[in-house]
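Residue numbers (my numbering): 3 to 422.
Built from N, CA and C at the ideal position, the CB exists for glycine as well.
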Ligand code: EPU
């Protein structure tokens with residue numbers, strides 16, 4: 003298993019180009035199953051999750067070609083069942099269900115389990131399929147959905163922690179080929195949902211309201227091939243912004259969309275980080291001493307759970323007390339004990355982490371437990387004195403394209419140790 007070796011306390015300087023959004027490209031790839039015609043997706047990040055999704059589409063019968071940062075797909079004939087091992091590897095693959103149900107009127111995929119960040123149920127996805135008229139059963143670890151016909155309906159997708167991003171995507175994709183009108187209430191408003199709706203509309207779907215809590219889908223008989231460029235990854239951009247702030251650096255985020263990052267940029271500004279918009283770029287500059295800020299994760303447009311771990315690393319370096327509350331995934335605090343190994347002073351109290359920041363961090367071997375936790379450890383390692391070894395970096399390769407290469411370009415002393 004590869005690891006990253008970081009010699010810390012080096013300010014990051016320079017420019018980093020933000021890649022396509024992982025959480026947008028995965029459902030968009032799944033959506034290509036809705037048509038037998040060719041589709042072209044551009045600005046595709048090189049990530050292991052994207053390769054897995056490519057394998058799933060291939061297994062389902064699609065012809066998938068990767069050419070640089072473009073994917074060409076054609077799903078002439080597909081089957082309605084997903085392989086257990088592939089689906090199990092990546093939770094995001096549950097979003098093939100909506101397209102399979104929409105096109106074939108049947109879908110069977112292995113029921114994704116929980117993961118280190120929480121239980122991760124899919125009850126809302128299934129409630130949506132049922133509302134469209136599908137019969138849903140769970141048998142031997144698989145979830146089966148089938149219908150003679152799908153009929154549009156009013157569907158409420160609000161759950162315990164707000165809406166569901168992939169649930170909204172799944173229902174939108176199935177409803178695109180249903181008869182009549184579907185209205186999703188309490189739909190997820192994330193930019194990745196809007197990007198998927200844009201792609202579906204380019205395929206001939208009739209979807210309005212994406213990005214708001216009410217999404218209306220008027221079903222069409224069939225969809226056609228389309229081309230699409232994926233939005234830049236707001237979580238990757240936020241991670242480099244925080245890394246710049248944590249190391250007293252100055253980094254230009256090329257191609258980041260500030261309008262998708264308001265909650266993060268606003269909190270960074272409150273903490274004293276300099277933020278300047280320069281055309282399509284955002285310049286992040288840390289000139290002065292930072293102040294602690296309290297943060298609560300919320301559905302979009304609130305502060306994203308996918309940036310909670312990284313901002314905690316920054317607060318650990320900031321003198322004073324900050325309270326970081328996680329409202330989306332109940333156990334997304336696996337990074338806390340590893341940050342503590344680097345010298346951070348953090349206590350967990352229910353859904354909140356109390357960060358007593360400002361203690362000097364010093365390098366140590368640490369273990370990545372999930373994607374964003376790994377990013378937090380890399381940030382802490384970049385700021386810490388001495389050497390930090392982040393083990394199990396396959397987690398980070400799921401969602402960060404060439405992170406060590408991009409950080410080296412910014413002046414970081416980071417190398418990948420490959421293990422056979
Ligand atoms: N939930 C339910 N029932 C459901 C679905 C979700 O109760 O049927 C709950 C979840 O347990 C959670 C909340 O609703 O408490 C939100 O979960 P959501 O369904 O929105 O998460 P997701 O769609 O499975 C996507 C991203 C995650 C990101 C979340 C929240 C992808 C592939 N994954 O997951 O990304 O954290 O939205 O924004 O789009 C990551 O990139 O590191 C990552 C984990």
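Residue 377 is positioned such that its CB atom lies closer than 7 Å to that of residue 241. Exposed is the label assigned to residue 81, since fewer than 16 other Cβ atoms lie within 10 Å of its Cβ. Distances from the CA of residue 381 to each of 340, 421, 358 were compared; the closest alpha carbon is that of 340.
Contact between residue 420 and residue 4 is confirmed by a C-beta separation of about 5 Å, below the 8 Å threshold.
Not a single heavy atom of the ligand EPU lies less than 6 Å from the C-beta of residue 397.
Assigned with DSSP and collapsed to three states, residue 161 falls in strand.
Taking the Cβ of residue 393 as the reference point, every heavy atom of the ligand EPU lies at 6 Å or farther away. Residue state for residue 334 is assigned as coil, using DSSP reduced to three classes.
Shown here, residue 354 sits in a strand according to DSSP, grouped into three states. Remark: the C-beta of residue 127 is in contact range of the ligand EPU, defined as less than 6 Å to any heavy atom. When DSSP states are grouped into helix, strand and coil, residue 172 belongs to the helix group. For residue 278, the enclosing beta strand (DSSP E) has its first and last residue at 276-280. When DSSP states are grouped into helix, strand and coil, residue 301 belongs to the coil group. Within the same chain, Cβ atoms closer than 6 Å to the Cβ of residue 128 are found at 138, the five residues on either side in sequence being excluded.
Annotation for residue 393: the continuous beta strand (DSSP E) segment containing it runs 389-393. The criterion of a C-beta distance shorter than 7 Å is not satisfied by residue 294 and residue 258. If you draw a 10 Å sphere on the C-beta of residue 121, you find fewer than 16 other C-beta atoms in it, and that means exposed. DSSP lists no bridge partner for residue 321. Taking residue 197 as the centre and dropping the five residues before and after it, the same chain places the C-beta of 26, 233 closer than 6 Å to its C-beta, in chain order.
Under the DSSP assignment, residue 128 falls in the alpha helix (DSSP H) whose first and last residues are 125-133.
Along the length of the stretch 95-121, whole alpha helix (DSSP H) runs at least 4 residues long occupy 99-106, reported in chain order.
By the 16-neighbour rule on beta-carbons within 10 angstroms, residue 408 is buried.
Relative to the ligand EPU, even the nearest heavy atom lies 6 Å or more away from the CB of residue 380. In the DSSP annotation of this structure, residue 65 is not part of any alpha helix (DSSP H); the continuous beta strand (DSSP E) holding it starts and ends at 65-69. In the DSSP assignment, the residues bridged to residue 76 are 40, 65. Boundaries for residue 184: no alpha helix (DSSP H) harbours it, while the beta strand (DSSP E) harbouring it runs 183-187, taken from the DSSP string. Inclusion of residue 331 and residue 350 in the CB contact set at 7 Å is not warranted, their separation being larger than that value.
A Cβ-Cβ separation of about 4 Å places residue 354 in contact with residue 327 under the 8 Å criterion.
Nearest C-alpha to residue 203 among 415, 178, 153: 178. Counting C-beta atoms within 10 angstroms of its own C-beta, residue 393 has 16 or more neighbours from the protein chains shown and is therefore classed as buried. A direct Cα-to-Cα measurement between residue 92 and residue 183 gives close to 31 Å. Secondary structure of residue 9 (DSSP, three-state): strand. In the structure shown, residue 348 falls within a strand segment according to DSSP collapsed to helix, strand and coil. Contact between the stretch 98-108 and the stretch 139-154 is present: three or more C-beta pairs spanning the two stretches fall below 8 Å. Rounded to the nearest whole angstrom, the CA to CA distance from residue 418 to residue 107 is 46 Å.
For residue 226, the secondary structure class from DSSP, reduced to helix, strand or coil, is coil.
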